[in-house]
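Peer 1: Let me begin by handing over the structure; questions about it come next.
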Amino acid sequence: MVKLFRTPLAMAALAWCCYQDAASAEDLCSIAPSSYSGAKTAYPQLATALETMEQYSTAAWYTDRLSDSDRSTMLSSITSQCSEDSRMTIAVYGIPDKDCNAGLSSSGTVQSTSDYQSFLSQLTTAVGDRKVLYIVEPDAVGLLANDGCGGAAGYLDNLKVAVAALSANSNAELYVDVGYWLLADSTNAAAVATIINELSASGTLKGVTINTSNYRSNDECNRYCNNFQTAMGSSTMTCIIDTSRNYNGSPSSDWCNVKTAGIGKPPTSETGISNIDYFMWVKPPGESDGVCTDTSYSDESLTGVTAGTFNKEGFQALWDQGFFVSEKGMATISGSSSNSTSQTSTQTSTQTGTQTGTPSATQTTGSSSDQTSSVGQDYDTQSQSGTPSATQTTGSSTDQTSSVGQDYATQSTADTVAPADTGSSQLTTAPAATPSPTPTATPTATTSTTSSTSSCKIKKRLRKL
(Lines of atoms letter the chains of each structure in order from A and count residues from 1; the text may use other names and numbers.)
(Lines give C-alpha, C1' and ligand atoms only; values in the text may rest on other atoms or scores of the structure.)
Protein backbone atom coordinates (compact mmCIF):
# COMPACT_ATOMS: atom_id res chain seq x y z
CA MET A 1 0.00 0.00 0.00
CA VAL A 2 1.37 3.38 -0.96
CA LYS A 3 1.96 5.84 1.84
CA LEU A 4 0.37 8.99 0.52
CA PHE A 5 1.17 11.22 3.45
CA ARG A 6 4.86 11.85 3.96
CA THR A 7 4.61 13.75 7.22
CA PRO A 8 2.12 14.61 9.94
CA LEU A 9 2.26 18.15 8.56
CA ALA A 10 1.07 16.91 5.18
CA MET A 11 -1.81 15.07 6.85
CA ALA A 12 -2.78 18.17 8.76
CA ALA A 13 -2.57 20.29 5.63
CA LEU A 14 -4.90 18.01 3.71
CA ALA A 15 -7.32 17.83 6.62
CA TRP A 16 -7.37 21.63 6.84
CA CYS A 17 -7.93 21.85 3.09
CA CYS A 18 -10.92 19.51 3.34
CA TYR A 19 -12.27 21.40 6.35
CA GLN A 20 -12.15 24.65 4.40
CA ASP A 21 -13.86 23.03 1.42
CA ALA A 22 -16.62 21.70 3.63
CA ALA A 23 -17.10 25.07 5.27
CA SER A 24 -17.16 27.30 2.20
CA ALA A 25 -17.51 25.35 -1.05
CA GLU A 26 -20.68 23.88 -2.49
CA ASP A 27 -20.94 20.18 -1.71
CA LEU A 28 -20.60 18.52 -5.11
CA CYS A 29 -21.64 14.88 -5.04
CA SER A 30 -21.54 11.91 -7.39
CA ILE A 31 -20.75 8.20 -7.46
CA ALA A 32 -17.27 6.91 -8.11
CA PRO A 33 -16.30 5.57 -11.56
CA SER A 34 -16.85 1.83 -11.69
CA SER A 35 -13.41 1.38 -13.20
CA TYR A 36 -11.89 2.40 -9.86
CA SER A 37 -13.50 -0.49 -8.03
CA GLY A 38 -11.89 -3.07 -10.29
CA ALA A 39 -8.59 -1.20 -10.35
CA LYS A 40 -8.28 -1.23 -6.56
CA THR A 41 -8.59 -5.00 -6.62
CA ALA A 42 -6.31 -5.56 -9.61
CA TYR A 43 -3.64 -3.06 -8.49
CA PRO A 44 -3.56 -2.90 -4.69
CA GLN A 45 -0.66 -0.46 -4.80
CA LEU A 46 -3.03 2.10 -6.31
CA ALA A 47 -5.82 1.59 -3.80
CA THR A 48 -5.03 4.45 -1.45
CA ALA A 49 -4.57 6.92 -4.30
CA LEU A 50 -7.85 5.81 -5.86
CA GLU A 51 -9.61 6.10 -2.52
CA THR A 52 -8.33 9.66 -2.32
CA MET A 53 -9.82 10.32 -5.77
CA GLU A 54 -13.13 8.86 -4.64
CA GLN A 55 -13.44 11.53 -1.97
CA TYR A 56 -14.19 14.00 -4.78
CA SER A 57 -17.05 14.23 -7.23
CA THR A 58 -16.37 12.86 -10.72
CA ALA A 59 -19.33 13.55 -13.01
CA ALA A 60 -21.69 10.60 -13.45
CA TRP A 61 -22.54 9.91 -17.08
CA TYR A 62 -26.22 9.56 -17.87
CA THR A 63 -26.20 8.16 -21.40
CA ASP A 64 -28.40 6.15 -23.72
CA ARG A 65 -25.48 3.81 -24.22
CA LEU A 66 -26.55 2.32 -20.92
CA SER A 67 -29.61 0.11 -20.82
CA ASP A 68 -32.76 1.43 -19.18
CA SER A 69 -32.16 -0.77 -16.15
CA ASP A 70 -28.54 0.33 -15.78
CA ARG A 71 -29.57 3.97 -16.05
CA SER A 72 -32.17 3.37 -13.36
CA THR A 73 -29.54 1.77 -11.14
CA MET A 74 -27.19 4.70 -11.63
CA LEU A 75 -29.91 7.24 -10.85
CA SER A 76 -31.01 5.30 -7.80
CA SER A 77 -27.44 5.20 -6.51
CA ILE A 78 -26.68 8.88 -6.96
CA THR A 79 -30.01 10.14 -5.63
CA SER A 80 -29.96 7.87 -2.59
CA GLN A 81 -26.31 8.34 -1.66
CA CYS A 82 -25.99 12.09 -2.22
CA SER A 83 -27.51 14.16 0.55
CA GLU A 84 -30.33 16.60 -0.08
CA ASP A 85 -27.98 19.49 0.63
CA SER A 86 -25.37 18.40 -1.91
CA ARG A 87 -25.38 19.20 -5.63
CA MET A 88 -25.30 16.08 -7.79
CA THR A 89 -23.05 16.28 -10.87
CA ILE A 90 -24.33 14.56 -14.01
CA ALA A 91 -23.19 14.65 -17.64
CA VAL A 92 -26.12 14.11 -20.02
CA TYR A 93 -25.19 12.33 -23.24
CA GLY A 94 -28.01 10.95 -25.33
CA ILE A 95 -28.90 13.35 -28.14
CA PRO A 96 -30.21 11.55 -31.25
CA ASP A 97 -27.50 10.83 -33.84
CA LYS A 98 -24.63 11.45 -31.42
CA ASP A 99 -21.21 11.79 -32.99
CA CYS A 100 -22.78 12.56 -36.36
CA ASN A 101 -19.43 13.11 -38.03
CA ALA A 102 -17.50 9.95 -37.24
CA GLY A 103 -20.37 7.79 -36.05
CA LEU A 104 -18.23 5.87 -33.60
CA SER A 105 -20.40 6.76 -30.62
CA SER A 106 -23.74 6.90 -32.34
CA SER A 107 -25.15 3.71 -30.88
CA GLY A 108 -27.72 3.93 -28.12
CA THR A 109 -31.39 3.61 -27.38
CA VAL A 110 -32.27 7.19 -28.35
CA GLN A 111 -33.06 7.33 -32.06
CA SER A 112 -35.62 10.14 -32.26
CA THR A 113 -36.81 13.28 -30.50
CA SER A 114 -39.57 11.23 -28.91
CA ASP A 115 -37.00 8.77 -27.56
CA TYR A 116 -34.94 11.69 -26.31
CA GLN A 117 -37.88 13.16 -24.43
CA SER A 118 -38.43 9.81 -22.69
CA PHE A 119 -34.72 9.54 -21.92
CA LEU A 120 -34.71 12.99 -20.35
CA SER A 121 -37.94 12.32 -18.48
CA GLN A 122 -36.38 9.29 -16.77
CA LEU A 123 -33.60 11.56 -15.52
CA THR A 124 -35.72 14.50 -14.42
CA THR A 125 -38.23 12.26 -12.67
CA ALA A 126 -35.46 10.63 -10.64
CA VAL A 127 -33.80 13.95 -9.77
CA GLY A 128 -37.05 15.78 -9.01
CA ASP A 129 -36.40 19.19 -7.51
CA ARG A 130 -33.02 18.21 -6.04
CA LYS A 131 -29.92 20.38 -6.47
CA VAL A 132 -28.06 19.15 -9.53
CA LEU A 133 -25.42 20.34 -11.97
CA TYR A 134 -25.90 19.15 -15.55
CA ILE A 135 -23.20 19.12 -18.21
CA VAL A 136 -25.38 19.12 -21.30
CA GLU A 137 -24.48 16.98 -24.30
CA PRO A 138 -20.70 16.95 -24.66
CA ASP A 139 -19.66 17.36 -28.27
CA ALA A 140 -23.00 18.61 -29.59
CA VAL A 141 -22.22 22.34 -29.92
CA GLY A 142 -18.83 21.51 -31.43
CA LEU A 143 -20.58 19.52 -34.16
CA LEU A 144 -23.28 22.14 -34.62
CA ALA A 145 -21.26 25.36 -34.92
CA ASN A 146 -19.93 26.53 -38.27
CA ASP A 147 -22.30 24.45 -40.37
CA GLY A 148 -21.18 21.15 -38.87
CA CYS A 149 -23.09 17.90 -39.28
CA GLY A 150 -25.07 18.68 -36.13
CA GLY A 151 -27.26 21.05 -38.13
CA ALA A 152 -28.61 18.38 -40.45
CA ALA A 153 -28.79 15.95 -37.52
CA GLY A 154 -31.23 18.22 -35.70
CA TYR A 155 -28.95 19.01 -32.77
CA LEU A 156 -30.22 22.54 -32.22
CA ASP A 157 -33.87 21.55 -31.84
CA ASN A 158 -32.99 18.60 -29.62
CA LEU A 159 -30.70 20.71 -27.46
CA LYS A 160 -33.65 23.05 -26.95
CA VAL A 161 -35.70 20.04 -25.82
CA ALA A 162 -32.95 19.14 -23.33
CA VAL A 163 -32.60 22.66 -21.97
CA ALA A 164 -36.35 23.00 -21.48
CA ALA A 165 -36.66 19.64 -19.72
CA LEU A 166 -33.60 19.91 -17.49
CA SER A 167 -34.13 23.52 -16.44
CA ALA A 168 -37.73 22.92 -15.38
CA ASN A 169 -36.14 22.10 -12.01
CA SER A 170 -35.36 25.50 -10.49
CA ASN A 171 -32.54 23.90 -8.48
CA ALA A 172 -30.75 22.65 -11.58
CA GLU A 173 -27.69 24.39 -13.01
CA LEU A 174 -27.12 23.76 -16.72
CA TYR A 175 -23.78 24.16 -18.48
CA VAL A 176 -23.74 23.32 -22.18
CA ASP A 177 -20.52 21.67 -23.29
CA VAL A 178 -18.56 23.55 -25.97
CA GLY A 179 -15.25 22.78 -27.60
CA TYR A 180 -12.50 24.95 -26.17
CA TRP A 181 -11.08 25.44 -29.64
CA LEU A 182 -14.28 27.15 -30.71
CA LEU A 183 -13.55 29.91 -28.21
CA ALA A 184 -9.99 30.55 -29.35
CA ASP A 185 -10.96 33.16 -31.94
CA SER A 186 -13.72 35.71 -32.26
CA THR A 187 -15.40 34.18 -35.33
CA ASN A 188 -15.91 30.75 -33.79
CA ALA A 189 -16.78 32.28 -30.42
CA ALA A 190 -19.52 34.29 -32.14
CA ALA A 191 -20.93 31.07 -33.61
CA VAL A 192 -21.03 29.53 -30.14
CA ALA A 193 -22.72 32.64 -28.72
CA THR A 194 -25.43 32.45 -31.39
CA ILE A 195 -26.21 28.86 -30.44
CA ILE A 196 -26.18 29.55 -26.70
CA ASN A 197 -28.51 32.53 -27.14
CA GLU A 198 -30.97 30.34 -29.03
CA LEU A 199 -30.82 27.65 -26.37
CA SER A 200 -31.29 30.12 -23.53
CA ALA A 201 -34.68 31.04 -24.99
CA SER A 202 -35.83 27.50 -24.16
CA GLY A 203 -34.84 27.49 -20.51
CA THR A 204 -32.34 28.69 -17.95
CA LEU A 205 -28.61 28.24 -18.64
CA LYS A 206 -25.80 29.05 -16.21
CA GLY A 207 -23.10 28.87 -18.89
CA VAL A 208 -20.75 26.49 -20.71
CA THR A 209 -18.28 23.71 -19.97
CA ILE A 210 -14.75 24.04 -21.37
CA ASN A 211 -11.91 21.53 -21.82
CA THR A 212 -13.84 18.29 -21.41
CA SER A 213 -11.36 15.43 -21.41
CA ASN A 214 -8.58 17.76 -22.51
CA TYR A 215 -5.37 19.20 -21.10
CA ARG A 216 -5.72 22.95 -21.43
CA SER A 217 -4.56 24.82 -18.35
CA ASN A 218 -6.87 26.80 -16.13
CA ASP A 219 -5.25 30.04 -17.29
CA GLU A 220 -5.87 29.17 -20.93
CA CYS A 221 -9.44 28.07 -20.24
CA ASN A 222 -10.05 31.30 -18.35
CA ARG A 223 -9.08 33.19 -21.52
CA TYR A 224 -11.54 31.09 -23.50
CA CYS A 225 -14.26 31.87 -20.98
CA ASN A 226 -13.44 35.57 -21.33
CA ASN A 227 -13.73 35.18 -25.12
CA PHE A 228 -17.11 33.49 -24.65
CA GLN A 229 -18.41 36.31 -22.48
CA THR A 230 -17.12 38.89 -24.96
CA ALA A 231 -18.95 37.12 -27.79
CA MET A 232 -22.10 36.99 -25.65
CA GLY A 233 -21.78 40.69 -24.88
CA SER A 234 -22.39 39.91 -21.22
CA SER A 235 -20.75 38.33 -18.18
CA THR A 236 -24.01 36.82 -16.96
CA MET A 237 -23.17 33.32 -18.19
CA THR A 238 -20.09 31.72 -16.72
CA CYS A 239 -17.98 28.60 -17.20
CA ILE A 240 -16.86 25.24 -15.84
CA ILE A 241 -13.38 23.84 -16.49
CA ASP A 242 -12.70 20.11 -16.67
CA THR A 243 -9.54 19.81 -14.61
CA SER A 244 -9.29 16.03 -14.58
CA ARG A 245 -5.85 16.01 -16.20
CA ASN A 246 -4.82 19.57 -17.00
CA TYR A 247 -2.36 20.21 -14.17
CA ASN A 248 0.62 20.55 -16.51
CA GLY A 249 -1.22 22.21 -19.35
CA SER A 250 -1.46 21.13 -22.94
CA PRO A 251 1.16 19.06 -24.77
CA SER A 252 2.63 20.38 -27.98
CA SER A 253 0.90 17.87 -30.21
CA ASP A 254 -0.77 14.60 -29.22
CA TRP A 255 -3.97 14.33 -27.23
CA CYS A 256 -4.00 10.60 -26.57
CA ASN A 257 -2.89 9.45 -23.10
CA VAL A 258 -0.38 12.28 -22.87
CA LYS A 259 2.65 11.22 -20.81
CA THR A 260 3.21 14.58 -19.13
CA ALA A 261 -0.38 15.10 -17.97
CA GLY A 262 -1.25 15.38 -14.29
CA ILE A 263 -4.46 15.28 -12.28
CA GLY A 264 -5.65 18.85 -11.91
CA LYS A 265 -7.23 20.68 -9.03
CA PRO A 266 -10.09 18.77 -7.40
CA PRO A 267 -13.73 19.59 -8.11
CA THR A 268 -14.87 22.66 -6.21
CA SER A 269 -16.94 25.81 -6.48
CA GLU A 270 -14.10 27.75 -4.85
CA THR A 271 -12.08 28.40 -8.02
CA GLY A 272 -10.72 31.83 -7.18
CA ILE A 273 -11.65 32.97 -10.71
CA SER A 274 -14.68 35.23 -10.97
CA ASN A 275 -16.13 33.79 -14.19
CA ILE A 276 -15.27 30.13 -13.48
CA ASP A 277 -18.02 28.63 -11.33
CA TYR A 278 -16.52 25.18 -10.89
CA PHE A 279 -13.48 23.05 -11.44
CA MET A 280 -14.77 19.56 -12.24
CA TRP A 281 -13.48 16.14 -13.13
CA VAL A 282 -15.62 15.32 -16.13
CA LYS A 283 -13.33 12.64 -17.52
CA PRO A 284 -12.43 10.09 -14.84
CA PRO A 285 -8.65 10.38 -14.29
CA GLY A 286 -7.00 7.10 -15.24
CA GLU A 287 -9.44 6.01 -17.92
CA SER A 288 -7.68 5.48 -21.24
CA ASP A 289 -8.13 7.49 -24.43
CA GLY A 290 -7.30 4.40 -26.46
CA VAL A 291 -4.36 2.21 -27.44
CA CYS A 292 -2.44 5.11 -29.03
CA THR A 293 0.04 2.94 -30.94
CA ASP A 294 -0.64 4.21 -34.45
CA THR A 295 2.36 5.77 -36.16
CA SER A 296 0.51 9.09 -36.26
CA TYR A 297 1.16 9.49 -32.52
CA SER A 298 4.38 10.94 -31.23
CA ASP A 299 6.40 9.82 -28.25
CA GLU A 300 4.27 12.19 -26.15
CA SER A 301 1.54 9.54 -26.05
CA LEU A 302 1.58 6.69 -23.56
CA THR A 303 0.58 3.34 -24.98
CA GLY A 304 -2.80 2.68 -23.50
CA VAL A 305 -5.62 0.16 -23.38
CA THR A 306 -9.09 0.16 -24.89
CA ALA A 307 -10.64 3.59 -24.59
CA GLY A 308 -12.69 4.08 -21.46
CA THR A 309 -11.04 1.29 -19.50
CA PHE A 310 -8.68 1.82 -16.57
CA ASN A 311 -5.01 2.24 -17.47
CA LYS A 312 -2.63 1.52 -14.57
CA GLU A 313 0.40 3.26 -16.09
CA GLY A 314 -1.71 6.20 -17.17
CA PHE A 315 -3.19 6.70 -13.71
CA GLN A 316 0.21 6.42 -12.03
CA ALA A 317 1.62 9.13 -14.32
CA LEU A 318 -1.38 11.39 -13.73
CA TRP A 319 -1.06 10.96 -9.96
CA ASP A 320 2.72 11.34 -9.75
CA GLN A 321 2.68 14.47 -11.93
CA GLY A 322 -0.43 16.08 -10.57
CA PHE A 323 -2.03 18.17 -7.87
CA PHE A 324 -1.91 15.82 -4.88
CA VAL A 325 1.83 15.18 -5.14
CA SER A 326 2.85 18.67 -6.23
CA GLU A 327 0.64 20.74 -3.95
CA LYS A 328 -0.45 18.49 -1.09
CA GLY A 329 2.85 16.78 -0.36
CA MET A 330 1.58 13.27 -1.00
CA ALA A 331 4.02 10.61 -2.12
CA THR A 332 4.20 9.41 -5.67
CA ILE A 333 2.88 5.94 -6.33
CA SER A 334 6.38 4.93 -7.34
CA GLY A 335 7.47 5.99 -3.85
CA SER A 336 9.89 8.64 -5.03
CA SER A 337 9.82 11.97 -3.27
CA SER A 338 10.16 14.06 -6.34
CA ASN A 339 7.52 14.75 -8.86
CA SER A 340 8.25 13.32 -12.26
CA THR A 341 8.89 15.94 -14.80
CA SER A 342 6.27 18.47 -14.28
CA GLN A 343 6.24 20.77 -17.19
CA THR A 344 5.34 24.35 -17.47
CA SER A 345 3.58 24.37 -20.70
CA THR A 346 4.23 27.05 -23.17
CA GLN A 347 1.80 25.36 -25.33
CA THR A 348 1.37 25.80 -28.96
CA SER A 349 -2.18 26.55 -29.66
CA THR A 350 -2.09 24.53 -32.80
CA GLN A 351 -2.31 21.24 -31.10
CA THR A 352 -2.64 18.52 -33.66
CA GLY A 353 -5.24 16.23 -32.31
CA THR A 354 -6.81 14.86 -35.38
CA GLN A 355 -8.13 11.82 -33.67
CA THR A 356 -11.49 11.60 -32.26
CA GLY A 357 -11.01 9.67 -29.11
CA THR A 358 -13.70 10.23 -26.61
CA PRO A 359 -13.48 9.76 -22.92
CA SER A 360 -15.27 6.84 -21.71
CA ALA A 361 -18.71 7.72 -21.12
CA THR A 362 -19.04 11.25 -22.13
CA GLN A 363 -16.01 13.05 -22.14
CA THR A 364 -14.96 14.41 -25.35
CA THR A 365 -16.57 17.33 -26.71
CA GLY A 366 -14.36 19.08 -28.97
CA SER A 367 -13.64 18.62 -32.48
CA SER A 368 -11.04 20.29 -34.50
CA SER A 369 -11.88 21.89 -37.71
CA ASP A 370 -12.77 18.98 -39.87
CA GLN A 371 -12.91 16.50 -37.08
CA THR A 372 -15.68 15.58 -34.85
CA SER A 373 -15.35 14.25 -31.43
CA SER A 374 -17.75 11.95 -29.86
CA VAL A 375 -18.31 11.91 -26.22
CA GLY A 376 -20.60 9.17 -25.48
CA GLN A 377 -18.37 6.49 -24.44
CA ASP A 378 -19.01 3.02 -25.04
CA TYR A 379 -21.37 3.03 -22.33
CA ASP A 380 -23.10 0.14 -23.91
CA THR A 381 -21.09 -2.31 -22.00
CA GLN A 382 -21.04 -0.35 -18.82
CA SER A 383 -23.27 -1.03 -16.00
CA GLN A 384 -23.45 1.44 -13.23
CA SER A 385 -23.22 -1.18 -10.68
CA GLY A 386 -20.08 -1.41 -8.68
CA THR A 387 -18.35 -3.62 -11.15
CA PRO A 388 -16.10 -2.11 -13.75
CA SER A 389 -17.70 -1.92 -17.10
CA ALA A 390 -16.48 -4.31 -19.69
CA THR A 391 -14.13 -2.74 -22.12
CA GLN A 392 -15.56 0.59 -23.05
CA THR A 393 -14.95 1.53 -26.47
CA THR A 394 -15.48 5.14 -26.82
CA GLY A 395 -14.78 6.00 -30.23
CA SER A 396 -11.65 7.41 -31.35
CA SER A 397 -10.62 8.19 -34.76
CA THR A 398 -8.82 5.19 -36.01
CA ASP A 399 -8.68 2.37 -33.61
CA GLN A 400 -9.02 4.56 -30.60
CA THR A 401 -11.81 5.71 -28.57
CA SER A 402 -11.10 8.49 -26.34
CA SER A 403 -12.84 8.39 -23.13
CA VAL A 404 -14.48 11.48 -22.08
CA GLY A 405 -17.99 10.81 -21.53
CA GLN A 406 -17.10 7.59 -22.46
CA ASP A 407 -17.95 7.24 -25.87
CA TYR A 408 -16.81 10.46 -26.78
CA ALA A 409 -14.71 8.63 -29.04
CA THR A 410 -15.15 10.46 -32.20
CA GLN A 411 -14.53 13.83 -31.00
CA SER A 412 -12.47 15.61 -33.35
CA THR A 413 -11.11 18.39 -31.45
CA ALA A 414 -10.81 17.34 -28.11
CA ASP A 415 -11.68 19.91 -25.70
CA THR A 416 -11.43 17.05 -23.47
CA VAL A 417 -8.21 17.75 -21.95
CA ALA A 418 -9.61 18.99 -18.89
CA PRO A 419 -8.18 18.46 -15.46
CA ALA A 420 -8.10 21.42 -13.29
CA ASP A 421 -4.80 22.69 -14.05
CA THR A 422 -3.29 25.28 -11.96
CA GLY A 423 0.16 23.97 -11.76
CA SER A 424 1.42 24.84 -15.16
CA SER A 425 2.46 28.21 -16.34
CA GLN A 426 0.78 29.02 -19.63
CA LEU A 427 1.16 31.65 -22.22
CA THR A 428 -0.79 34.66 -21.20
CA THR A 429 -1.71 35.51 -24.73
CA ALA A 430 -4.35 33.70 -26.67
CA PRO A 431 -3.07 31.20 -29.19
CA ALA A 432 -2.31 32.62 -32.57
CA ALA A 433 -4.09 29.89 -34.39
CA THR A 434 -7.25 28.05 -33.58
CA PRO A 435 -6.21 24.93 -31.69
CA SER A 436 -7.13 21.58 -33.14
CA PRO A 437 -9.71 19.86 -31.06
CA THR A 438 -8.70 16.76 -29.22
CA PRO A 439 -11.02 13.82 -29.03
CA THR A 440 -12.46 12.66 -25.80
CA ALA A 441 -13.45 9.28 -24.55
CA THR A 442 -16.43 8.76 -22.38
CA PRO A 443 -15.93 7.59 -18.83
CA THR A 444 -16.87 4.20 -17.61
CA ALA A 445 -19.97 3.66 -15.60
CA THR A 446 -19.91 4.76 -12.06
CA THR A 447 -20.17 2.67 -8.98
CA SER A 448 -22.42 3.06 -6.04
CA THR A 449 -19.67 4.57 -3.96
CA THR A 450 -20.54 8.16 -3.26
CA SER A 451 -17.91 10.81 -3.85
CA SER A 452 -18.30 14.33 -2.63
CA THR A 453 -15.98 17.28 -2.95
CA SER A 454 -16.41 18.35 0.61
CA SER A 455 -16.46 14.98 2.28
CA CYS A 456 -12.69 14.31 2.53
CA LYS A 457 -12.91 11.39 4.88
CA ILE A 458 -9.57 12.02 6.54
CA LYS A 459 -10.14 9.86 9.60
CA LYS A 460 -11.15 6.92 7.51
CA ARG A 461 -8.12 7.21 5.29
CA LEU A 462 -5.71 7.67 8.16
CA ARG A 463 -7.01 4.53 9.81
CA LYS A 464 -6.20 2.63 6.64
CA LEU A 465 -2.69 4.04 6.60
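Numbered by mature numbering (1 follows the signal peptide of the UniProt record, and there is no 0), the letters in the sequence shown go through residues -25 to -1, 1 to 440 in order. Ideal Cβ positions, reconstructed from N, Cα and C, are used throughout, including at glycine. Since the model is a prediction, treat every value here as computed from it, not as a measurement.
(1) Helix, strand or coil for W36? Go by DSSP, reduced to three states.
(2) May I ask you to verify whether the stretch 18 to 29 touches the stretch 290 to 308, counting CB pairs closer than 8 angstroms and requiring at least 3?
(3) Classify E59 as buried or exposed, calling it buried when 16 or more other Cβ atoms lie within 10 Å of its own Cβ.
(4) Compute the beta-carbon to beta-carbon distance between S32 and L3, rounded to the nearest angstrom, for a pair I have assumed lies under 8 angstroms.
(5) Let's see if you can read the secondary structure: which residues bound the alpha helix (DSSP H) around E173?
(6) Give me the Cβ distance between N186 and C196, rounded to the nearest whole Å; I'm assuming they're in contact under 8 angstroms.
(7) Secondary structure at G117, three-state DSSP: helix, strand or coil?
(8) Between N223 and L158, is the Cβ-Cβ spacing less than 7 angstroms?
(9) From D295 to K240, what distance separates their C-alpha atoms?
(10) Rank A34, S93 and A282 by C-alpha distance to the C-alpha of residue 522 and give the top, closest one.
(11) Could you tell me whether the stretch 206 to 221 touches the stretch 242 to 255, where touching means 3 or more Cβ pairs closer than 8 angstroms?
(12) Per DSSP, G182 is paired with what?
(13) Three or more C-beta pairs under 8 angstroms: does that hold for the stretch 145 to 160 against the stretch 115 to 133?
(14) Mapping DSSP to helix, strand and coil, what is V102?
(15) Quick one: Cα of G289 to Cα of K303, how far?
(16) Decide if the stretch 263 to 274 is in contact with the stretch 87 to 95; the criterion is three or more beta carbon pairs, one per stretch, under 8 angstroms apart.
(17) Could you check what DSSP says for E262 in three-state terms: helix, strand or coil?
(18) Suppose contacts are defined by Cβ-Cβ distances below 7 angstroms. Is S141 in contact with Y130 by that definition?
(19) Considering only the alpha carbon of each residue, which of A147, V167 and G208 lies closest to T179?
(20) Of all the options S10, S5, E1 and I6, which has the alpha carbon lying nearest to the alpha carbon of A282?
Peer 2: In short:
(1) The answer is strand: DSSP assigns W36 an E or B state.
(2) Taking 8 angstroms as the limit for Cβ pairs, the verdict is that the stretch 290 to 308 does touch the stretch 18 to 29.
(3) Classification for E59: exposed.
(4) The beta-carbon distance between S32 and L3, rounded to whole angstroms, is 4 angstroms. This is short enough to meet the 8 angstroms contact definition.
(5) That run of the alpha helix (DSSP H) goes S161 to S175.
(6) The Cβ separation is near 5 angstroms, so the contact holds.
(7) In the three-state reduction of the DSSP assignment, G117 falls in the helix class, which pools H, G and I.
(8) Cβ atoms of N223 and L158: not closer than 7 angstroms.
(9) Answer to the nearest angstrom: the Cα atoms are 14 angstroms apart.
(10) For the chain, the structure presents residues -25 to 440; residue 522 sits outside this window and is missing.
(11) Touching, yes, given that three or more Cβ pairs across the two stretches are closer than 8 angstroms.
(12) G182 is bridged to Y150 and T213.
(13) They touch, by the three-pair rule.
(14) In this structure, V102 counts as helix in the three-state DSSP scheme.
(15) Linking G289 to K303 through their CA atoms gives a straight-line distance of about 20 angstroms.
(16) With the cut-off at 8 angstroms, the stretch 263 to 274 and the stretch 87 to 95 do not touch.
(17) In the structure shown, the three-state DSSP call for E262 is strand.
(18) First, the residue type needs correcting, since residue 141 is Leu and not Ser in the sequence shown. No, the Cβ-Cβ distance between L141 and Y130 is not below 7 angstroms.
(19) Distances from the CA of T179 to each of A147, V167 and G208 were compared; the closest alpha carbon is that of A147.
(20) Of the candidates S10, S5, E1 and I6, the one whose C-alpha sits nearest the C-alpha of A282 is S10.
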